Structures are given as C-alpha cells and as structure tokens.
Amino acid sequence: IELVNQIAAGEVIERPASVVKELVENSLDAGAGRVEIEIEEGGARLIRVRDDGCGIDADDLPLAIAAHATSKIASFDDLERVATMGFRGEALPSIASISRFALTSRTSAQDHALRIEVDGGKPLPPKPAQHPVGTSIEVRDLFYNVPARRKFMRAERTEFGRIDELITSLALVRTEVEFRLSHNNKPVRLLRRVDSAAALPARVADLLGQEFIEQCLRIDHSAAGMRLSGWVGLPTASRAQADQQYFYVNARLVRDKVVAHAVRQAYADVLFHGRHPAFVLFLELDPLGVDVNVHPAKHEVRFRESRLVHDFLYRTLNEVLAETRA
Ligand code: ADP
Ligand code: MG
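So full-length UniProt numbering is basically just the index in the sequence shown, starting at one, shifted up by 8.
Laid out in structure tokens, this is it:
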C-alpha cells in the first residue's frame, strides 16, 4: 500500500505547492472561515495548514489517511456536478507517504483534539492533543524518501513563489475566507475576509496591486445562461502584471484553450495587440455544461458547447474593451 501511495503521490504531488493546494482545498471543503498557511524553506522543510473548519471526527481520523477510504464524490451524479475541488480521497494518504506527516483535529462534539502522526506512510496510534475546533496538518521534509522528486525541487524562493501564486488564485475567488501566509516565520499575506461587495476591490488590490484596480475595467454581463464578471486590466508599462491572468469557471481556476483564444482575440481586436494584460474573470454557467474533472490537478476543463462559450466571452470582452477607445 505504501508503494501504491507513493506512486499516486508522484502523479499529483509534484512540488510543495501541490501539497498546499490539496490541504487548503480540504480546509475550504470543511467550511473554514480562516486558513493559515505556514511555510519554511519553500515548503521543503515545513508546510503547515491550520483551519477553523468542521474538524474530523475521531472515528474517521484513521480513514482520512488511508488510501481510497474517503471521497466526497458519492455517486456518478456527484461527479457530473462536482462542486468540491480536488481529486478523490487520495491526497492525504499520498502526502503522508512522502513526508513526515501529522494531522491534529477536533470537531465541536469533542472536548479535546486528536493527533495522528504518519512517518513515511506508517500511521502511529492517535494521541490526545490541544487544538481548537478545526484541523492542522503538518508536512515536514517533503520527499525525504523520494530522492528523485527531491532533486527536482527548485530554489526556496521559486517554490515559495508557486505557493504564493496558488494562495493568490484561491484568495481571489474565496473572498469570504481569511487567509494568512507566512514564510520562514515572516508574515507575507494577511487577507481578511470580505464582508461586503464594497470591500471586494480592496482584496483584489491587495493581491494584484493598487495600480491594477485603479486602471482596470469592471465587467458584469449575463447572456445565454452564462455570466461573466470581474476585472480586465489595460496594458501598462508595468511588466509585473504580465502573468496576472486569472480565469475561473464556476469558481475554479482554469487554463483552457477556448478561453485563452477568446480573451486574446477580444484584446487583439480592440487595441492591445501583442500585450499580456492582467485580468481576473469569473465565468459562471450550468455545471452540466462543463466538465472540470478532465485532469483536476492541471486546471483543464471541457465545455459541452465550446463555440457558444467562446462567442459569449469574445463578444462580452470585446464590447467592454471597445468602450475604452471612445
Ligand atoms: P478528498 O478531499 O478527496 O475527500 P483527501 O485525501 O483530500 O480526500 O481528504 C480525506 C478526507 O479527510 C476528506 O474527505 C475529509 O473528510 C477529511 N479531511 C481532510 N482535510 C480536512 C480538513 N482540513 N477538515 C476537515 N476534514 C478534512
Ligand atoms: Mg481533498
């Protein structure tokens, strides 16, 4: 089983940011209002994710770290309408098999927490521990027993950059959640929850910069059962914005050829040919119209009617951008 877990891990866990992604998505699935992410040495030494979500029941604790024991997808129908993110019941066992792992959790029904440690895939018996309602997961020495993977880790700054990028992409869409991110014990981001629509631009400005929010155009347009909202930036001299392109489909970050083409065309047709503008866009459509499980780790999607989606995106963006010419 250990080997199976390690192989599964190798497919999905490529680097520290992949671990952070799985852990933070679990925290969000657990209804957390606050997620705290502590990183040391780019995640190679420590990744700790602490949340105030529902916690894991004592009886379920061993299951949570056993391969294929859990999954939020209960039926084929769920798969069709998959609302939660992440892959299926393999993240924790996979991560635990390639690190020194500890999970501490408490539900509101328990008066103390339980802590379970796993060393290279071998779980030790759970022990009582101190912890408020919620869950903390610690991942130390990632890949310590997978030398091939460890070798592929980049510089500390690069790996942390990936983590920061990931947190940014989650914080842009999960605005009702407070995120804290620290690196080597220094606070890097403190994003308080957004309580009103008026507070939303402040979070975007926090993440993408004041310049972006001051110069961008606000979009909110619905047609043909779809809605496109968010902010589109105008090209500026600032090169920092070049890779600030966030596109979400039903609240999930995607990189998709159809989307990329429609966006590029819309910009190119108006006045920004050849540039890489920043944008944060949210497309909402019937979940049955899009398959987000093509490859959960790779942000791919498949639209049922990609022509329709393409035209809606292109036309909406084109109209908004054309106004700037007037
Ligand atoms: P999946 O998310 O696909 O179910 P995971 O391996 O990521 O599989 O997690 C296993 C299970 O552990 C989850 O289904 C959930 O019940 C529980 N779990 C993991 N992380 C948390 C958390 N932060 N809070 C509450 N429960 C969690
Ligand atoms: Mg998960």
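Even for Gly, the Cβ is constructed at its ideal location relative to N, Cα and C. Quick caveat: nothing in here was measured; it's all calculated off a predicted structure.
Whose CA, out of the options, lies closest to the CA of residue i?
i: N193; options: V300, H284, I73 and R53; result: R53
i: R42; options: R201, G241, R312 and A270; result: R201
i: I171; options: G61, V28, L325 and E22; result: V28
i: A328; options: H229, F187 and R272; result: Note on identity: in this sequence residue 328 is Val, with Ala being the wrong assignment. Measuring from the Cα of V328, the nearest candidate turns out to be H229.
i: D251; options: H318, L174 and G142; result: L174
i: A213; options: D68, V288 and K135; result: V288
i: E325; options: D60, H120 and V240; result: It is worth fixing the name first, because residue 325 is Leu in this sequence and not Glu. Cα-wise, what sits closest to L325 is V240.
i: T332; options: A268, C224, E164 and R211; result: C224
i: T99; options: A286, L31, L242 and D65; result: It should be pointed out that residue 99 corresponds to Ala in this sequence rather than to Thr. The shortest C-alpha separation from A99 is found at L31.
i: E292; options: G61, E33 and V262; result: V262
i: S116; options: V271, I47, A38 and A232; result: A38
i: K130; options: E222, E146, A104 and L242; result: A104
i: A270; options: F255, R260 and H139; result: F255
i: I47; options: M161, D277 and V147; result: V147
i: L242; options: E219, A231 and Q138; result: E219
i: Q118; options: I55, A66, R56 and P133; result: A66
i: A259; options: R235, V57, I145 and F320; result: R235
i: P101; options: H139, I145 and V257; result: I145
i: R58; options: A156, L132 and H139; result: H139
i: F320; options: V278, A268 and A231; result: A231
i: S56; options: D149, L132 and A205; result: At residue 56 the sequence reads Arg, which differs from the Ser that was named. Checked all of D149, L132 and A205; the closest Cα to R56 is D149.
Is it the case that the CB of residue i approaches a heavy atom of the ligand ADP more closely than 6 Å?
i: S35; result: yes
i: A72; result: yes
i: T176; result: no
i: D60; result: no
i: residue 2; result: Outside the shown range of the chain, which is 9 to 334, sits residue 2, and nothing can be said about it.
i: A38; result: yes
i: I124; result: no
i: T332; result: no
i: I64; result: yes
i: T143; result: yes
Is residue i close to the ligand MG? I mean its beta-carbon at under 6 Å from any heavy atom of the ligand.
i: A99; result: yes
Below 8 Å CB to CB, which residues in the same chain sit around residue i once its five sequence neighbours on both sides are set aside?
i: S83; result: The predicted position of S83 is uncertain, since its pLDDT is 48 and thus under 50; a value taken from the coordinates is nonetheless stated next. Same-chain partners within the cutoff: there are none.
i: A25; result: G51, E167, R170, I171, E173 and L174
i: D85; result: For D85, the pLDDT reaches just 47, beneath the cut-off of 50, and the residue's location in the model is therefore unreliable, leaving the point undetermined.
i: S177; result: Y254 and L261
i: A163; result: G50
i: M93; result: Reliability of the predicted coordinates at M93 is poor, the pLDDT of 42 falling under 50, and the value obtained from them is presented with this limitation in mind. Here the set comprises E33, L36, D37, R260 and P304.
i: R165; result: G50
Take residue i and list the residues in its own chain whose beta-carbon comes closer than 7 Å to its own, dropping the five residues that flank it on each side.
i: L189; result: I45, D172, I175, V196 and R197
i: A91; result: Low confidence applies here, because A91 scores a pLDDT of 38, under 50, leaving its location unreliable; read the following figure in that light. Correct list: empty, nothing qualifies.
i: V266; result: F311, S314, V317 and H318
i: S237; result: I227, D228 and F290
i: G61; result: S35, A38, G39, A40, G142 and T143
i: D294; result: G233
Apart from the five residues just before and just after residue i, which ones in its own chain have a Cβ nearer than 6 Å to its Cβ?
i: Q273; result: Y322
i: Y152; result: none
i: L216; result: Q252
i: D264; result: V309
i: K135; result: R123
i: E22; result: none
i: V141; result: G63, R114 and S116
i: H120; result: P136
i: E186; result: R42, R200 and R201
i: P209; result: I221
i: F160; result: none
i: R157; result: F151
Please confirm whether residue i has its beta-carbon closer than 7 Å to some beta-carbon of chain B.
i: K29; result: Absence of chain B from the displayed structure is noted, only one protein chain being present.
*Whole alpha helix (DSSP H) elements within the stretch 188 to 243, 4-residue minimum*: 208 to 216 and 218 to 223
*Check whether the stretch 179 to 191 touches the stretch 67 to 76, counting contact only when three or more Cβ pairs, one atom from each stretch, lie closer than 8 Å.*
no
*Would you say the stretch 310 to 330 touches the stretch 285 to 299, given that touching needs at least three Cβ pairs under 8 Å?*
yes
_Just to confirm the assignment: which complete alpha helix (DSSP H) runs, minimum length 4, are found wholly within the stretch 27 to 84?_
69 to 72
_Three Cβ pairs or more, each shorter than 8 Å: is that satisfied between the stretch 99 to 116 and the stretch 124 to 134?_
yes
_3-residue-minimum beta strand (DSSP E) runs that sit fully inside the stretch 113 to 171, ordered along the chain_ = 121 to 127, 135 to 137 and 142 to 148
*asked:* Quick check on the DSSP output: what are the complete beta strand (DSSP E) runs of length 3 or more inside the stretch 251 to 310, in order along the chain?
replied: 253 to 257, 287 to 292 and 298 to 303
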